[in-house]
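8 is the number that the UniProt record's numbering gives to position 8 of the sequence shown; each next residue is one higher, with no gaps.
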Amino acid sequence: MHALIPKIKSKLHTNRSRYLKKLSQHECCIVHIDINNFSFLGFKYGFNITNKLLEIVSERLLSNLTDEDFVENIYADDFILFLKGNKNNCIEKLKYLKEELDKPIFLSENLKIKLYYRIAVIHYPNDIQNLNEAIDYLIMFSRFIKSKELEGIYYFDKTESPIFEKLKTFIDFIYDVNFDKHLVPAFQGIYDLNSNKIFGYEVLTRVCHNNKIYDASQLIDIFTYFKINMKSDEVIINKALQYKIDTNDHRIYFFNIVPEYFYQYVDMITSILDTYKNKGLNTSEICIELTEISELAKFDEINKTFRQLKKQYNLMFAIDDFGSGYSNLNVFTSLQIDFLKIDKELIENVKNNPITGYLLKSITELSLFRNIAIIGEGIDSAEKLRLINKLGFDYAQGFYLSKPEVPKKFLT
């Protein structure tokens, strides 16, 4: 067994320009690599990101293991990589690195190692002006990755991604945000234009931290960027449904989900609905909103899923932000939905472009034929409210009618 250690060392070896230092305060390792001069990617396991990894492997192997023992996982330390050189080359090397790190390492027939790692990466050109700023950004990202227990490689390009500035905005508390504790639901009323009463609520996400409420729209972008938005949404859906039961509220709750993870969301939501259905929830009072769903393009499969969920839970479905991004008439005519939420920009455009008004009027008439209710979004003035009434909309949502509110229950 001891003879395997040199073998591991060669597999994990790298030629790097500088091993800077261990940052004890952040518990991460900084590594600087010049891609242009890197010539040893042919080794089976690519980079030796840090000596710490080798220490862990060696420690495990030098313990009381036998050939029959099976080491399934080894957790590596946290790493920050600075990749200098051509950007495309750097990205290609990262893809290779990820592929190799994701492979199990077979040390013997009965002994293999699976590495789990967190790596924050930044690329910089040869003429970078402020390397210290880049270091600060990478430390910031590394801390966030670790605070949320994320795994994998995260590549950041400050010149292209607004996530840098968004994360910096929340730097004072973002690492402390605990989803279960700090994420709270906010409810914005959706008004029936016939009765002028609240018909339902769109459930939004807010952050309650040190007795302050933060609009979480930018945080949601951060969560989505790091692919942890499903966890945050799960917390909000659970809290909102429990509140619905506790307050005996029978109005419709609208939840917006990300289409990229549509089928994963379906699994999550059905599990949650099963739980609260047993607590007395009327699942027919729940509507799932989807934005930019035409990215999925498989309307037959989506309709099949809709039918299954309608049959099992009597759920309702809506297309959100219709008239922006990927939302188009093909989505409207192909999917079996209950509500169509018209994007505020499309409504605003009626004033400057009469053709838009005719289009919305036609959509309203078609929706009557298909038994789809129309909701006008972003109604922030009496003028817009009069306009959508004239166009024949059924419901309205916006700051002119009501702003999102967090119930006092969630502020304690």
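In this text, a Cβ means the ideal position worked out from N, Cα and C, and glycines have one as well. Computed from a predicted model, the values in this text were never measured in an experiment.
Among the options, the one whose alpha carbon lies nearest that of residue i
i: R386; options: L401, L411, L366; result: L401
i: L329; options: K311, L359, N349, E348; result: L359
i: E348; options: G378, V235, N196, E234; result: G378
i: K197; options: V406, K408, D394; result: D394
i: K408; options: V258, G323, T247; result: T247
i: G200; options: S284, A216, Q218; result: S284
i: residue 413; options: Y155, F254, H182; result: The first residue shown for the chain is 1 and the last is 412, placing residue 413 beyond what the model contains.
i: D192; options: I252, F299, I319; result: I252
i: E234; options: Q264, D215, E151, N352; result: Q264
i: V406; options: F317, F332, N211, K227; result: N211
i: E165; options: V121, I222, I228, E151; result: I222
i: V266; options: Y155, I388, N303; result: N303
i: K403; options: D215, Y117, N353, E151; result: D215
i: F170; options: K298, S217, E151, I355; result: S217
i: L241; options: K227, K277, K361; result: K277
i: E151; options: K227, I388, K361; result: K227
i: I388; options: V121, K361, Y117; result: K361
Euclidean distance between Cα positions of residue i and residue j
i: F410; j: Q312; result: 31 Å
i: E289; j: L97; result: 38 Å
i: M230; j: E149; result: 14 Å
i: T305; j: L315; result: 11 Å
i: I236; j: T205; result: 7 Å
i: M268; j: E301; result: 18 Å
i: L167; j: L340; result: 33 Å
i: L94; j: D102; result: 12 Å
i: Y175; j: H250; result: 37 Å
i: F47; j: P104; result: Confidence at F47 is low in this model, with a pLDDT of 38, below 50, so the placement of that residue should be treated as unreliable; the coordinate-derived value is given next. Cα to Cα, the separation comes out at about 15 Å.
i: T275; j: V350; result: 44 Å
i: G189; j: I286; result: 14 Å
i: I375; j: Q397; result: 7 Å
i: L308; j: K87; result: Reading off the sequence, residue 308 comes out as Gln, not Leu. The alpha-carbon atoms of Q308 and K87 are separated by roughly 46 Å.
i: T270; j: T291; result: 19 Å
i: E365; j: E383; result: 22 Å
i: D380; j: R370; result: 28 Å
i: F179; j: L346; result: 34 Å
i: G392; j: S142; result: 51 Å
i: F399; j: E99; result: 48 Å
i: N194; j: F254; result: 20 Å
i: N89; j: K390; result: 57 Å
i: V258; j: K279; result: 27 Å
i: K298; j: Q336; result: 13 Å
i: N353; j: V177; result: 44 Å
i: Y155; j: S147; result: 17 Å
i: F317; j: A373; result: 11 Å
i: I363; j: K310; result: 24 Å
i: M140; j: I355; result: 48 Å
i: F332; j: Y117; result: 43 Å
i: I122; j: F144; result: 15 Å
Local conformation of residue i per DSSP, three classes
i: E377; result: coil
i: K403; result: coil
i: Q312; result: helix
i: L94; result: helix
i: K304; result: helix
i: D394; result: coil
i: A120; result: strand
i: K166; result: helix
i: F199; result: strand
i: A382; result: helix
i: I372; result: coil
i: L150; result: coil
i: A186; result: strand
i: L204; result: strand
i: K212; result: strand
Whole-angstrom C-beta distance between residue j and residue i, which should lie under 8 Å
i: I91; j: I119; result: That belief does not hold up - the Cβ atoms of I91 and I119 are roughly 14 Å apart, past 8 Å.
i: D343; j: G357; result: Not a contact, Cβ separation roughly 15 Å.
i: residue 413; j: V207; result: The question about residue 413 has no answer, for the chain in this structure spans 1 to 412.
i: F173; j: H209; result: 5 Å
i: I272; j: N238; result: 6 Å
i: N256; j: D338; result: With 8 Å as the limit, N256 and D338 do not qualify as a contact, their Cβ atoms being about 15 Å apart.
i: L219; j: K244; result: Not really, about 24 Å apart at Cβ, beyond 8 Å.
i: Y261; j: I163; result: Not quite, the Cβ-Cβ distance comes to about 18 Å (not below 8 Å), so this is no contact.
Any C-beta of chain D under 8 Å from that of residue i
i: G189; result: Of the chains in the structure shown, none is chain D; there is only one protein chain.
Any non-hydrogen atom of the ligand COA closer than 7 Å to residue i Cβ
i: F179; result: This structure lacks the ligand COA; in fact it carries no ligand of any kind.
Counting only runs that start and end within the stretch 219–298, where is the alpha helix (DSSP H) found for 4 or more residues in a row? For the stretch 219–298, whole alpha helix (DSSP H) runs of length 4 or above, ordered along the chain, are 229–246, 262–277.
At what residue ranges does the stretch 311–369 contain a whole run of the beta strand (DSSP E), taking only runs of 3 or more? The qualifying runs are 316–322, 339–342.
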